[in-house]
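Peer 1: Pasting in a structure now, in structure tokens, and then I'll have a few things to ask.
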DNA sequence: AACAATCAATTAATTTTATTCATGAATTAA
DNA sequence: TTAATTCATGAATAAAATTAATTGATTGTT
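Protein chains in written order, with our numbering: chain C, 1 to 294; chain W, 1001 to 1294.
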């Protein structure tokens, strides 16, 4: 009934003062404009202008329509501008899922320059997924998965963005503090502090303790890295964390990193995305930025 | 570019869950809907839905468009409803112009039941006009003129709505208070208080004093009726007002109405409108209500 | 007062756009 | 597997918008 062109005409006629001038601005002939307004007036059952000689005066209905036009037309223009940005991948919400606790510390280092470089893109970080991180990617719950465990499935794409070493953290007073590396048996009488996740997903278990058939004396789950390191610093136990993370915290806590086994445990963080999103610039940009920051 | 139909489709598809069902609701064929969305997607350069098998999932662009649709479509519907009211004369602003001071008192009695009966119509009262009341009507500055002086011109229509008698007002202690009627010569030594308008437009001059060639001793213009009557009550002068108005004020001021001349001065209040507004119900209604209240 | 210029409305012709019809491929449910 | 449903597509058709050409009216100028 009321179409966009009608609102545009009413607004432009007010600007220009005549139908002919408005028509030109709108790339219409005067006749076309006259026809389409006439049709609208007939449908509404009321005139929009009083035609007095060659000058026009808005009726009350016309004044109301002008107000509607001034309100709605800019919203449509804005919508089109934003959609153009969506189309070019300049705008969106990047929903990032996290599958590993320490990844969060790393993510923060990437997100902040990213937000500065892409002012029109929002970043959302989620941590819990009903069907796991991969499922969340497939179900469009998230657009990007930060994980140490890539799973190469059709439709998904994983890229390594960061290498790090998983190390044992002990207090400076601890017997192992001076050791070149830790052996599994040296933890059998220790309290091991970890994030509260399934034991199978902890590297120190599945790559270090379990192959040697050893369990720590006590296993204590802690949610946050800060508390975890406070516990370690005060000698209440040992933990396993990325080396870079430990080094960052060393200024605040009296803790020491120790290699896990002679070789150490090498880890990588991967970013997983859907292949269908490959054309979205802002997704690409996040991966590129992640790799450059390392 | 983005047209109303597109927003309607996006919204309806979300409601119905499929293009086919949405098409039916919108009285389109599935094909027509498919074509028009395809065109929009091509223009925008981005898909609105991810087609996964036969199920649809909104893209980010689609989600944004849905939000736009939910925001704008109701505004368009509301605009159409209001324009329907404008067309049927159920909505508008009735701008009333006043040319006579005491008319205002009468107008108040009409406006209040009118506003109750026409909740969608606003009333505006104006008192000053650059080119007089008639000019204000012609120039659409007002929609209705309340005046004692109808001027029958083509394009205008005047209807009498209220008969009253213009009387002299004196204090109860005044010599004329007991008189059956006042003669012009009895005012030659009086102070005459009037509203501040041109002398030619005052009935007491052009129908009473001037025919007898008499002038009052002092002529004092006063803006407001209340002050005017306070002056009269305190014996500072006499005034000319409608009888009904004097009677209403008698409970508050010690004043008395006296007939002007043996016959008295009969007056009428007229409502003037443009003939082009005759189809507006709310204008008609005001006139009808005025006549019934009298 | 006559004249030219400008404006808006109108009609008929034309072009553009939207819609339908017919069909096929893909997916889902039985 | 079959049958039914959904969506997309191309060609045909219907509808709508636009244009060209003209008219009547108004305004400004000489």
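Every residue gets a Cβ at the ideal spot worked out from N, C-alpha and C, and that includes glycine. Values in this document were obtained by computation on a predicted structure and should not be read as measured data.
Checking 8 angstroms against the spacing of the C-beta atoms, do residue 1239 (chain W) and residue 1253 (chain W) come in under that value?
Peer 2: no
Peer 1: Hey, would you say residue 274 (chain C) sits closer than 8 angstroms to residue 137 (chain C), going by beta carbons?
Peer 2: yes
Peer 1: Which residues of chain C have a Cβ atom closer than 7 angstroms to the Cβ of residue 1092 (chain W), listed in chain order?
Peer 2: Those are 60, listed as they occur along chain C.
Peer 1: Check whether the Cβ of residue 32 (chain C) lies closer than 8 angstroms to any Cβ atom in chain W.
Peer 2: Answer no: the Cβ-Cβ gap between residue 32 (chain C) and chain W never drops below 8 angstroms.
Peer 1: Where does residue 1109 (chain W) fall in DSSP's three states?
Peer 2: Here residue 1109 (chain W) carries a helix assignment [DSSP, helix/strand/coil].
Peer 1: If you drop the 5 nearest sequence neighbours on each side, which residues of the same chain put their C-beta closer than 8 angstroms to that of residue 1057 (chain W)?
Peer 2: Sequence-distant partners of residue 1057 (chain W) (beyond 5 residues in either direction) whose C-beta falls short of 8 angstroms from its own C-beta, in its chain, are 1049, 1050.
Peer 1: Hey, is residue 1086 (chain W)'s beta-carbon within less than 8 angstroms of any beta-carbon in chain C?
Peer 2: yes
Peer 1: For residue 1299 (chain W), decide whether its Cβ has a neighbour in chain C, counting only Cβ atoms nearer than 8 angstroms.
Peer 2: The question about residue 1299 (chain W) has no answer here: the residues shown for chain W are numbered 1001 through 1294.
Peer 1: Can you list the residues of chain W that residue 64 (chain C) reaches, using a CB-CB cut of under 8 angstroms?
Peer 2: 1079, 1082, 1083, 1086
Peer 1: Classify residue 218 (chain C) as buried or exposed, calling it buried when 16 or more other Cβ atoms lie within 10 Å of its own Cβ.
Peer 2: exposed
Peer 1: Closer than 8 angstroms is the cut-off here; do at least three beta carbon pairs connect the stretch 149 to 156 of chain C with the stretch 219 to 231 of chain C?
Peer 2: no
Peer 1: Could one say the Cβ of residue 1068 (chain W) lies closer than 8 angstroms to chain C's Cβ atoms, at least one of them?
Peer 2: yes
Peer 1: Under 8 angstroms, Cβ to Cβ, is there at least one residue of chain W near residue 3 (chain C)?
Peer 2: True, the Cβ-Cβ gap to chain W drops below 8 angstroms.
Peer 1: Please decide whether residue 1046 (chain W) counts as near chain C, where near means a Cβ-Cβ distance under 8 angstroms.
Peer 2: yes
Peer 1: Give me the residue from W:1132, W:1116, W:1193, W:1241 with the minimum Cα distance to residue 1166 (chain W).
Peer 2: W:1241
Peer 1: Mapping the DSSP letters down to three states, classify residue 1158 (chain W) as helix, strand or coil.
Peer 2: strand
Peer 1: Please state whether DSSP places residue 1219 (chain W) in a helix, a strand or coil.
Peer 2: strand
Peer 1: Under 8 angstroms, with one C-beta from each stretch per pair, do the stretch 75 to 90 of chain C and the stretch 1079 to 1093 of chain W reach the 3-pair mark?
Peer 2: no
Peer 1: Closer than 8 angstroms, Cβ to Cβ, to anything on chain W: give me those residues from the stretch 130 to 157 of chain C, in chain order.
Peer 2: Within the stretch 130 to 157 of chain C, 140 place their CB atoms closer than 8 angstroms to a CB of chain W, listed in sequence order.
Peer 1: Thinking C-alpha only, which one of W:1086, W:1213, W:1010 is nearest residue 1038 (chain W)?
Peer 2: The alpha carbon of residue 1038 (chain W) has as its nearest neighbour, out of W:1086, W:1213, W:1010, the alpha carbon of W:1010.
Peer 1: Using a Cβ-Cβ cut-off of 8 angstroms (strictly less than) and excluding sequence neighbours within five positions of residue 1215 (chain W), which residues of its own chain qualify?
Peer 2: 1188, 1209
Peer 1: Using the three-state DSSP reduction, which class does residue 207 (chain C) fall into: helix, strand or coil?
Peer 2: helix
Peer 1: Based on Cα-Cα distance, which residue from W:1065, W:1069, W:1076 lies nearest to residue 70 (chain C)?
Peer 2: W:1076
Peer 1: Taking buried to mean at least 16 other C-beta atoms within 10 Å of its own C-beta, is residue 1 (chain C) buried or exposed?
Peer 2: Exposed, because fewer than 16 other Cβ atoms sit within 10 Å of the Cβ of residue 1 (chain C).
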